[in-house]
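>
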Amino acid sequence: MTTASAFKHAMRHVPTGVTIVTSLRDGEPRGLTLNSFASVAVEPPALLVCVNREARSYLYISSSRIFCVNVLAAEQRHLAERFAGKVRERQFDEVAYTVDVTGAPVLDAAIAHFDCEVMEEHHVGSHSIFIGAVVGCTARSGTPLGYFNGGYRDFGIRAE
Ligand SMILES: Cc1cc2nc3c(=O)[nH]c(=O)nc-3n(C[C@H](O)[C@H](O)[C@H](O)COP(=O)(O)O)c2cc1C
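Printed below as a string of structure tokens:
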């Protein structure tokens, strides 16, 4: 097995998009910035996210069994920062959103969203992998927010 620092160093060289994964428990929305997101299957439509079990969001997703992956546009960098720990309470104050099937927030201006019901949860070390059955999704044109080498990036690409 390699060391944690070698692993972290190599992972810094992996470019990703940035999402905010939202959930809803007892009528209270919660979200976290997350880039461990991947498609799993098309039949049935399924994806995965990896969530630290020490994150407050973990409790929301594991108990409500719903989450929504919001793929951020470049102009939503301030939301990525906000949902990565800067705002502890009233996270969604002045954040515009609607809902789809599950009731988890769908952020206005996200370039795609995937509304999910939890199919499976697997514990791996500090994190849980949630496999979500996608019950609703949309996409719109825009420039995605990127993340690479510890910083937010504009990869100079655009989805139509
Ligand atoms: C670019 C970026 C990607 C992140 N990806 C993840 C991730 O995949 N899983 C995770 O658990 N935390 C991830 N985080 C950290 C969480 O956003 C952060 O711990 C957050 O404060 C958790 O909030 P909560 O405790 O209110 O749920 C990421 C942070 C950043 C800035």
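Residue 4 is where the sequence shown starts when you use my numbering, and the numbers rise one by one after that.
Glycine residues also receive a C-beta, built at the ideal position from the N, C-alpha and C atoms.
According to DSSP, simplified to helix, strand and coil, what is I64?
Three-state result, I64: helix.
> Comparing alpha-carbon positions, which option in A77, A13, N38, H116 lies nearest I132?
Checked all of A77, A13, N38, H116; the closest Cα to I132 is N38.
> Distance check for V24 and E46, CA to CA, integer angstroms please.
If you take the alpha carbons of E46 and V24, they lie about 22 Å apart.
> Anyone know if the C-beta pair for V43 and L35 falls short of 9 Å?
Their beta carbons are not under 9 Å apart, which means V43 does not touch L35 by this criterion.
> Which residue from P18, E57, P32 puts its Cα closest to that of F40?
With distances taken between Cα atoms, F40 lies closest to P18.
> Helix, strand or coil for R28 per DSSP?
Here R28 sits in strand by DSSP.
> Is it the case that the Cβ atoms of N73 and A113 are separated by a distance below 9 Å?
A contact, by the Cβ cut-off of 9 Å.
> Going along the chain, which residues of its own chain have a beta-carbon closer than 6 Å to the beta-carbon of T105, five neighbours each way excluded?
Answer for T105: I69, D118, listed in chain order.
> Check for me: the alpha helix (DSSP H) holding M14 runs from which residue to which?
It spans 7-14 - the alpha helix (DSSP H) in which M14 sits, taken as one unbroken run.
> Going by CA-CA distance only, name the one from G153, E78, H130, E97 that's closest to L62.
With distances taken between Cα atoms, L62 lies closest to H130.
> Between C53 and ligand 1, is there a pair consisting of the residue's CB and a ligand heavy atom that are separated by less than 8 Å?
True, at least one ligand heavy atom lies under 8 Å from that Cβ.
> Have a look at G88 and P48 and give me their C-alpha separation to the nearest angstrom.
Distance between the alpha carbons of G88 and P48 is about 30 Å.
> Here's the rule: buried if 16 or more other CB atoms are within 10 angstroms of the residue's CB, otherwise exposed. What is T101?
Exposed.
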